[in-house]
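Quick notes on the structure that follows.
Protein chains in written order, with the working numbering: chain L, 38 to 256; chain X, 531 to 847.
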């Protein structure tokens, strides 16, 4: 954790870069030591490894992916990879939906935001996929509210949108073996919650910030 | 193989290429300094990009010749892989094609190169044209998605044909055993590439000089009948003049060059049509850092297998 990157993480990052032939473009900002939340569209398991590997090595050690607990804790290998190798923050998906009453839901939501804020700490950055699950790559689905609440809770952290293109063709949901096509990764201009901005308006704007980074009009 | 160094004619041939490239590079530099207008600058930049690509091709072919049989197979295998990757990235595929694509990259293409290495020509001649032709649609059908079924199969089949099958005949040229020409096959590879690339250049030059009637302006806006005839004929003349480096007589060399030039013309026209269909001008534009291999091999891909088969049929007993 202390500045070190697990050797397997570096290896997996190199493999993911090779398979995805990713071409990275910093379109709206430059790599920076500032604390950031990178939020991106999600279509493949490669997404976070590729995004992570696109960062300069000194930033990688301080950047943690946010992953779904139910999926990544379901086997020992997954658990090892996500916790020990990538130092991920595991969050409970759908805790709000499962809650029995509004009070409990609010409590669960607050606990989640506190957990992410604590994971950010004073030096870490996060990689977040606000769609909550992997899509089919055709459009960016609606964002979940966590990004909004986290942004309010930690206004000092920069929100950087990113778009990953073609990952769903390289390693789609439900496949184990990748097809080595080429992919693109574009980082956009940081956004923030405007004073008095409603949750829905912000989330839609954030979604738009991600989907506008698409480079190939691959309908 | 060090024996390449003892082949004086090969060294001459290569030396000529390097000399021409060197002169071309100098001219390109001068043009870049002189031309300031926007339209001219674009075409000068285009010419310079081509010259840079030729230097790279030169390095690749030199490496292939020096590395010997296995080395050249691996080298061209990597190029095939990169070309297929570029093609499949830009040609739309569907989710249901995933496993078929996996097989194309990791089984069919390596197998094709193994067969070239083993010189198992009978198997080679049916692998992609026949067996893959059966495999691709079957595997897509097993995937269960029947939307645009025929189109998807054709796209994948064509990709494998162009990038794996056709390209693999370039290193295959290094393995021919022509009586009285042993160990000199590298010259044949160089001969094919020189005639093919010069044919492209000369067609471009003749298009500019005397081009009037467009062949298919929607596909390739600059190609004209006059330019293509001029290019094919002058490159055939050049190829005929290179007969001393080949096992051919001057007349045979003329026939071979003519065939290479015509097939090169077909190849670049077809690849242009594919590019128009996908909606891009160059394969290299969308993916800057990786792209451009298909743009360079477009005229070679049809010429290589047929040139190989002709030489194999007439000159290898």
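Where is the CB? At the ideal position from N, CA and C, for every residue including glycine.
Is there at least one Cβ from chain B nearer than 9 Å to residue i's Cβ?
{"i": "residue 676 of chain X", "result": "Chain labels in this structure do not include chain B; the protein chains are L and X."}
Determine, using beta carbons only, whether residue i comes closer than 9 Å to chain L.
{"i": "residue 580 of chain X", "result": "no"}
{"i": "residue 820 of chain X", "result": "Low confidence applies to residue 820 of chain X: its pLDDT is 48, below 50, so where it sits in the model is not reliable, and the reading given next is rough at best. For residue 820 of chain X, the answer is yes, since a Cβ of chain L falls inside 9 Å of its Cβ."}
{"i": "residue 629 of chain X", "result": "yes"}
{"i": "residue 635 of chain X", "result": "yes"}
{"i": "residue 606 of chain X", "result": "no"}
{"i": "residue 827 of chain X", "result": "no"}
{"i": "residue 817 of chain X", "result": "Any answer about residue 817 of chain X is weak, because its pLDDT of 49 lies below 50 and its placement is not dependable; what the coordinates show is given next. So, interface residue."}
{"i": "residue 545 of chain X", "result": "no"}
Can you pull the DSSP bridge partners for residue i?
{"i": "residue 100 of chain L", "result": "L:162"}
{"i": "residue 257 of chain L", "result": "No information on residue 257 of chain L is available, as it lies outside the stretch 38 to 256 that chain L covers here."}
{"i": "residue 61 of chain L", "result": "L:222"}
{"i": "residue 185 of chain L", "result": "Paired residues: none, contrary to the question."}
{"i": "residue 200 of chain L", "result": "L:223"}
{"i": "residue 657 of chain X", "result": "Paired residue(s): none; residue 657 of chain X is not in a bridge."}
{"i": "residue 754 of chain X", "result": "X:744"}
{"i": "residue 126 of chain L", "result": "L:103"}
{"i": "residue 690 of chain X", "result": "Paired residues: none, contrary to the question."}
{"i": "residue 228 of chain L", "result": "L:196"}
Taking a contact to mean a Cβ-Cβ separation below 9 Å, would you say residue i touches residue j in this structure?
{"i": "residue 161 of chain L", "j": "residue 99 of chain L", "result": "yes"}
{"i": "residue 696 of chain X", "j": "residue 614 of chain X", "result": "no"}
{"i": "residue 169 of chain L", "j": "residue 130 of chain L", "result": "yes"}
{"i": "residue 732 of chain X", "j": "residue 764 of chain X", "result": "yes"}
{"i": "residue 610 of chain X", "j": "residue 643 of chain X", "result": "yes"}
{"i": "residue 787 of chain X", "j": "residue 799 of chain X", "result": "no"}
{"i": "residue 719 of chain X", "j": "residue 595 of chain X", "result": "yes"}
{"i": "residue 163 of chain L", "j": "residue 157 of chain L", "result": "yes"}
{"i": "residue 109 of chain L", "j": "residue 115 of chain L", "result": "yes"}
{"i": "residue 200 of chain L", "j": "residue 225 of chain L", "result": "yes"}
{"i": "residue 80 of chain L", "j": "residue 173 of chain L", "result": "yes"}
{"i": "residue 248 of chain L", "j": "residue 78 of chain L", "result": "yes"}
{"i": "residue 840 of chain X", "j": "residue 714 of chain X", "result": "no"}
{"i": "residue 630 of chain X", "j": "residue 666 of chain X", "result": "yes"}
{"i": "residue 686 of chain X", "j": "residue 623 of chain X", "result": "yes"}
{"i": "residue 207 of chain L", "j": "residue 217 of chain L", "result": "yes"}
{"i": "residue 590 of chain X", "j": "residue 554 of chain X", "result": "no"}
Any Cβ of chain X within less than 9 Å of the Cβ of residue i?
{"i": "residue 168 of chain L", "result": "no"}
{"i": "residue 54 of chain L", "result": "no"}
{"i": "residue 51 of chain L", "result": "no"}
{"i": "residue 255 of chain L", "result": "Legend: pLDDT at residue 255 of chain L = 42, less than 50; position of this residue unreliable, value from coordinates given subsequently. Yes, residue 255 of chain L counts as interfacial toward chain X."}
{"i": "residue 93 of chain L", "result": "no"}
{"i": "residue 14 of chain L", "result": "Past the edges of chain L, shown from 38 to 256, lies residue 14 of chain L, and the structure says nothing about it."}
{"i": "residue 209 of chain L", "result": "yes"}
{"i": "residue 251 of chain L", "result": "no"}
{"i": "residue 206 of chain L", "result": "yes"}
For residue i, go through chain L and note every residue whose CB falls closer than 9 Å to its CB, in chain order.
{"i": "residue 665 of chain X", "result": "Within 9 Å Cβ-Cβ: nothing; residue 665 of chain X doesn't reach chain L, min ~16 Å."}
Give the interface partners of residue i over in chain X, defined as CB-CB distance under 7 Å, in chain order.
{"i": "residue 217 of chain L", "result": "615, 635"}
{"i": "residue 158 of chain L", "result": "The contacting residues do not exist; residue 158 of chain L stays about 35 Å from chain X at best."}
Given that residue i touches chain X, what residues does it touch there, using C-beta distances under 9 Å?
{"i": "residue 214 of chain L", "result": "628, 629, 632, 636"}
{"i": "residue 203 of chain L", "result": "619"}
Problem - chain L contacts from the region 612 to 624 of chain X (Cβ-Cβ distance under 8 Å) - result: Within the region 612 to 624 of chain X, the qualifying residues are 615, 616, 618, 619, 622, 623.
Handout entry: Short-range partners of chain X found in the region 100 to 131 of chain L, where Cβ spacing is below 9 Å
Key = Flagged: no residues at all.
Practice task
Would you list, in chain order, the members of the region 53 to 77 of chain L that have their beta-carbon closer than 7 Å to a beta-carbon of chain X?
Solution key: Those residues of the region 53 to 77 of chain L that come within reach of chain X (Cβ to Cβ, closer than 7 Å) are 58, 60.
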